[in-house]
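Numbering (this note's numbering), first residue to last: 44 to 512. Even glycine gets a Cβ: it sits at the ideal position worked out from N, Cα and C. The block underneath contains the structure these notes are about, expressed in structure tokens.
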Amino acid sequence: MAHLQPPNIIETTHISPPKGTVPSTTLPLTFFDAPWLNLPLSEFLFFFSYQNSTDCFLRDFLPNLKESLSITLKHFFPYAGKLIIPPRPDPPYLRYKDGEDSLLLIVAESTGTADFNDLKADSAKDIRVLHGVMPKLPPPHVSPEGILMRPTRVMQVTIFPGAGICIGNSATHVVADGVTFSHFMKYWMTLTKSKGKDPAATLLLPSPPDHSCRNMIKDPGEVANGHLERFWSQNSGKHSSHATPENMVRATFTLSRKQIENLKHWVTEQSENQSPVSTFAVYLAFTWVSLIKTLIEESGNEGDKDEVFHLMINVDCRNRLKYAETEPIPQTYFGNCIAPGIVSVKKRDLLGQKGVLAASDALTARISDMLSSDLLKTAPSWGQGVRKWAMSRFPTSIAGAPKLRMYDMDFGLGKPCKMDIAHIETGGSIAFAESRDGSNGVEIGIALEKKTMDAFAMILQEGIKKFET
44 MAHLQPPNII ETTHISPPKG TVPSTTLPLT FFDAPWLNLP LSEFLFFFSY QNSTDCFLRD
104 FLPNLKESLS ITLKHFFPYA GKLIIPPRPD PPYLRYKDGE DSLLLIVAES TGTADFNDLK
164 ADSAKDIRVL HGVMPKLPPP HVSPEGILMR PTRVMQVTIF PGAGICIGNS ATHVVADGVT
224 FSHFMKYWMT LTKSKGKDPA ATLLLPSPPD HSCRNMIKDP GEVANGHLER FWSQNSGKHS
284 SHATPENMVR ATFTLSRKQI ENLKHWVTEQ SENQSPVSTF AVYLAFTWVS LIKTLIEESG
344 NEGDKDEVFH LMINVDCRNR LKYAETEPIP QTYFGNCIAP GIVSVKKRDL LGQKGVLAAS
404 DALTARISDM LSSDLLKTAP SWGQGVRKWA MSRFPTSIAG APKLRMYDMD FGLGKPCKMD
464 IAHIETGGSI AFAESRDGSN GVEIGIALEK KTMDAFAMIL QEGIKKFET
């Protein structure tokens with residue numbers, strides 16, 4: 044398909060919490076936030092079917108969307124604030140200033156060169172076709188004192204007349220993780236729906252986020268300082284950027300519930316103690332093995348049989364870590380609260396006849412180890428594990444998770460017909476979400492070179508057929 048031409052900008056609006064509802068506030072970065080200072084933006088796209096005209100959307104939906112967003116930002120105010128980066132040695136922090144800070148909302152209309160159905164399709168497409176519906180974070184402002192003030196989030200609503208709506212989000216990950224973002228989107232979408240044609244949706248409104256325990260989260264061993272040193276030694280004025288790779292495409296694959304159950308049955312039968320295995324471990328192991336097989340075949344470099352491949356997973360520490368002697372970090376905590384876990388498997392095991400079993404066992408053991416340990420005490424060693432992962436061949440990480448329920452977003456047009464985690468195109472990440480049809484399957488999003496994507500699709504399908512027999 045043709046590359047997506049930039050849409051026509053209809054309006055740009057700065058949305059803030061209702062004036063006077065949020066006092067000017069500063070929030071410190073925790074040791075969970077600091078690692079994200081130099082990393083690329085977090086980017087999500089939500090596609091909704093909409094058969095009416097642009098004028099109808101602007102009249103019937105946009106005012107409510109904006110009003111509800113303002114009320115939502117009363118609770119999620121860091122998304123309307125700034126990341127403040129003072130000159131060294133003062134650490135960065137988050138700030139919301141009443142009457143000054145806001146979230147930029149862009150409203151645009153497709154120029155007609157892009158087919159909405161192509162954009163939301165699962166089939167492989169050039170990664171650049173989605174760039175027109177993904178907003179760019181405004182540039183930072185630098186004060187005369189050398190203090191850099193960076194917006195934390197920007198949103199764009201793109202209308203495809205007679206076809207659909209796309210809501211794009213770009214944000215600095217240092218503000219919050221995917222759990223908080225999902226919380227924010229569900230609050231905004233539910234509030235919009237309740238203030239529109241479905242007042243009963245108010246009953247489904249999530250609890251507001253918790254900001255109170257941030258100051259109580261203690262750094263267990265100067266973890267944040269190490270990340271700050273690396274941040275200061277690099278270009279602290281900009282996010283890590285990346286050139287768009289040549290010939291890169293993105294595609295979405297789906298594992299049905301039956302296929303996942305087949306995988307679980309096979310892994311359980313092949314394991315020595317035949318103990319049950321989690322759905323997460325099985326679908327991730329299967330996808331990782333398929334990807335590494337593909338990358339090795341396409342690279343033409345078999346490597347050593349004792350070569351070790353590394354996968355980075357994320358463990359949500361909410362309700363697991365305590366910020367006081369007795370109080371766990373609540374599920375509604377606003378911010379980053381994720382611990383990295385590195386899963387390591389030798390090539391001869393990962394690519395062997397029982398590669399999925401080896402990967403599943405390694406995943407299960409790593410998760411069990413993390414959940415049974417004192418995560419705070421292990422935090423000083425997280426960086427060492429991540430560096431080992433980053434320096435390996437084909438380091439793989441994951442983005443999203445089915446438990447985030449990204450397809451539950453509904454502001455009055457029904458649930459999304461497609462959701463894309465756009466930032467996986469920076470390389471090395473596999474995106475996961477629940478299947479949009481509600482059947483408890485799993486969607487797999489990935490970005491690869493076109494030739495490699497074709498090979499991955501073939502290996503994935505061959506693996507599915509293997510486990511069906």
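Taking C-beta atoms as the reference points, Glu492 and Asn290 count as a pair closer than 8 angstroms. When the five nearest sequence neighbours on each side are left out, the beta carbons in the same chain lying within less than 7 angstroms of the beta carbon of Pro49 are those of Gly175, in order along the chain.
In this structure, the alpha-carbon of Pro121 lies about 16 angstroms from that of Ala77. With respect to the C-alpha of Ser299, the residue from Arg293, Lys307, Glu340 having the closest C-alpha is Lys307.
For Lys390, the closest of Ala408, Leu400, Arg436, Val351 by C-alpha to C-alpha distance is Val351. Taking 8 angstroms as the cut-off, the Cβ atoms of Ile381 and Asn357 count as close. Looking only at Ile210, Thr407, Thr115, the smallest Cα-Cα distance to Thr235 is reached by Thr115.
Residue state for Cys460 is assigned as coil, using DSSP reduced to three classes. For Asn212, the uninterrupted beta strand (DSSP E) segment begins and ends at 207-214.
Across the structure, Asn362 and Trp309 are spaced so that their CA atoms are roughly 33 angstroms apart. In the structure shown, Met259 falls within a helical segment according to DSSP collapsed to helix, strand and coil. Within its own chain, the residues whose Cβ lies closer than 6 angstroms to the Cβ of Ala442, once the five positions on either side in sequence are excluded, are Ile464, Ile467, Ser472, Ala474, listed in chain order. In the three-state reduction of the DSSP assignment, Leu84 falls in the coil class.
Closest by C-alpha distance to Leu338, out of Leu503, Glu265, Asp349, Leu88, is Leu503.
Taking all protein chains in view, the Cβ of Glu265 is surrounded by fewer than 16 other Cβ atoms within 10 Å, so the residue is classified as exposed.
A direct Cα-Cα distance of roughly 43 angstroms separates Ile489 from Glu188. Taken atom to atom, the span from the alpha-carbon of Pro423 to that of Pro263 is near 7 angstroms.
Comparing C-alpha distances from Lys109 to each of Thr56, Gly211, Arg293 shows the shortest one belongs to Thr56. Annotation: the continuous alpha helix (DSSP H) that includes Asp404 extends over 398-415. Going by DSSP, Lys389 is part of the beta strand (DSSP E) stretching over 381-389.
Judged by beta-carbon spacing, His118 lies within the 8 angstroms limit of Pro251, meaning their Cβ atoms are closer than that value. Taking C-beta atoms as the reference points, Met232 and Asp453 count as a pair closer than 8 angstroms. Non-local C-beta neighbours of Lys140 in its own chain, meaning closer than 7 angstroms and more than five positions away in sequence, comprise Ser67, ordered along the chain.
Taking the C-beta atoms as reference points, Leu80 is found no nearer than 8 angstroms to Phe329. In this structure, Lys229 is the residue among Pro445, Lys229, Gln374, Glu304 with its C-alpha nearest to the C-alpha of Ser111.
Taking one beta carbon from each stretch, the region 318-326 and the region 399-415 have 3 or more pairs nearer than 8 angstroms; the two touch. In this structure Val388 is buried. Its beta-carbon is surrounded by 16 or more other beta-carbon atoms within 10 angstroms. Cβ contact annotation for Lys348 (same chain, cutoff 7 angstroms, sequence separation greater than five): Lys390, Arg391, in chain order. Residue state for Lys125 is assigned as strand, using DSSP reduced to three classes. Positions of the beta strand (DSSP E) runs, each at least 3 residues long and wholly inside the region 319-381, are given as 351-359 in order along the chain. In the assembly as shown, Met177 is a buried residue. Its beta-carbon has 16 or more other beta-carbons within 10 Å.
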